[in-house]
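>
In full-length UniProt numbering, the protein residues as written are 1 to 238.
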């Protein structure tokens with residue numbers, strides 16, 4: 001007998017929720033009928049959302065540009081600084097066995113200071129790069145070559161993980177807090193991290209800033225796509 005009132009109360013609550021859902025659906029149908037399936041307003045809004053998603057292309061394409069490794073070779077020690085680049089490259093290419101990437105003198109160099117032409121040692125004085133096509137990127141900035149090349153793969157993996165997390169988290173946030181609020185947050189944070197990352201002088205900080213940039217970038221893209229679909233009706237949804 002004590003369970004019946006609770007059961008009836010729960011049933012009334014469920015009926016009220018169903019009525020509210022039907023009312024919301026009816027209201028949405030009225031709005032769609034007034035706005036139309038696809039018209040000038042949807043086209044203008046779609047164009048603006050495309051502009052919001054455009055930076056996402058730059059973020060994803062920049063992964064390849066930032067991680068592109070140009071031709072490089074061992075930097076000469078101070079006693080050989082007076083040599084031209086051509087002369088120095090000719091000197092360090094006396095043997096093809098000192099090649100890590102197929103270009104002699106890339107990661108190993110003859111022990112020329114000790115006049116031991118049969119012994120190979122790692123590049124102790126850094127690296128020089130062919131900057132004909134790539135003036136500067138994270139490879140040339142922090143010497144991500146040879147035994148530090150694995151850092152490039154870590155950077156790419158972190159970016160992919162960040163993009164996945166951004167889509168998941170902002171998909172939930174858009175439903176929980178609203179499309180506009182989540183989109184505005186993603187745009188603001190994306191702009192901040194994008195600008196700050198250009199001034200990073202340490203690769204640990206750069207990796208972190210790029211991780212955050214990709215996270216909010218993907219969030220803005222996902223929400224924009226959802227809004228594009230929700231603004232149209234009928235065949236335009238597919």
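We put the beta carbon where it would ideally sit given N, CA and C, even for glycine. Quick caveat, the model's predicted, so the values are computed rather than measured.
Pick out whichever of 124, 66, 216 has its Cα sitting closest to the Cα of residue 192.
Of the candidates 124, 66, 216, the one whose C-alpha sits nearest the C-alpha of residue 192 is 216.
> To the nearest angstrom, how far is it from the Cα of residue 45 to the Cα of residue 53?
Between residue 45 and residue 53, the C-alpha separation is close to 13 Å.
> I'd like to check one pair, residue 226 with residue 174: are the Cβ atoms closer than 8 Å?
For residue 174 and residue 226, yes; Cβs fall inside 8 Å.
> Considering only the beta carbon of each residue, do residue 156 and residue 63 sit closer than 8 Å?
Result yes, Cβ atoms of residue 156 and residue 63 sit closer than 8 Å.
> Using the C-alpha atoms, what's the distance from residue 182 back to residue 163?
In a straight line, the C-alpha of residue 163 is about 16 Å away from that of residue 182.
> Distance, Cα to Cα, residue 42 vs residue 49?
For residue 42 and residue 49, the distance between alpha carbons rounds to 10 Å.
> Just confirm the distance between the C-beta atoms of residue 70 and residue 127, as a whole number of angstroms; I'd bet it's less than 8 Å.
10 Å between Cβ atoms; not a contact.
> Relative to the alpha-carbon of residue 204, which residue among 149, 180, 176, 142 has its alpha-carbon at the smallest distance?
Out of 149, 180, 176, 142, 142 has the C-alpha closest to the C-alpha of residue 204.
> Using the Cα positions of residue 111 and residue 68, report the straight-line distance between them to the nearest angstrom.
In a straight line, the C-alpha of residue 111 is about 29 Å away from that of residue 68.
> For residue 72, which of 136, 180, 206, 169 has the nearest alpha-carbon?
Ranking the options by Cα distance to residue 72, first place goes to 136.
> With DSSP as the reference, label residue 71 as helix, strand or coil.
The answer is coil: DSSP assigns residue 71 none of H, G, I, E or B.
> Excluding sequence positions up to five away, which residues of its chain have a Cβ less than 7 Å from the Cβ of residue 80?
Taken in chain order, the residues that qualify are 88.
> Mapping the DSSP letters down to three states, classify residue 143 as helix, strand or coil.
Correct three-state label for residue 143: coil.
> Thinking C-alpha only, which one of 220, 74, 176 is nearest residue 122?
Closest by alpha carbon: 74.
> Looking at the C-beta of residue 65, does it have a partner C-beta in chain D at a distance below 8 Å?
No chain D is part of this structure, which consists of one protein chain only.
> Between which two residues does the beta strand (DSSP E) carrying residue 110 extend?
Unbroken beta strand (DSSP E) run through residue 110: 108 to 111.
> Where do the ends of the alpha helix (DSSP H) carrying residue 150 lie?
Per DSSP, residue 150 belongs to the alpha helix (DSSP H) from 150 to 177.
> Once the 5 residues before and after residue 99 are set aside, which same chain residues still bring their CB inside 6 Å of it?
Its pLDDT being 42, under 50, residue 99 is placed unreliably by the model, and nothing is read from it.
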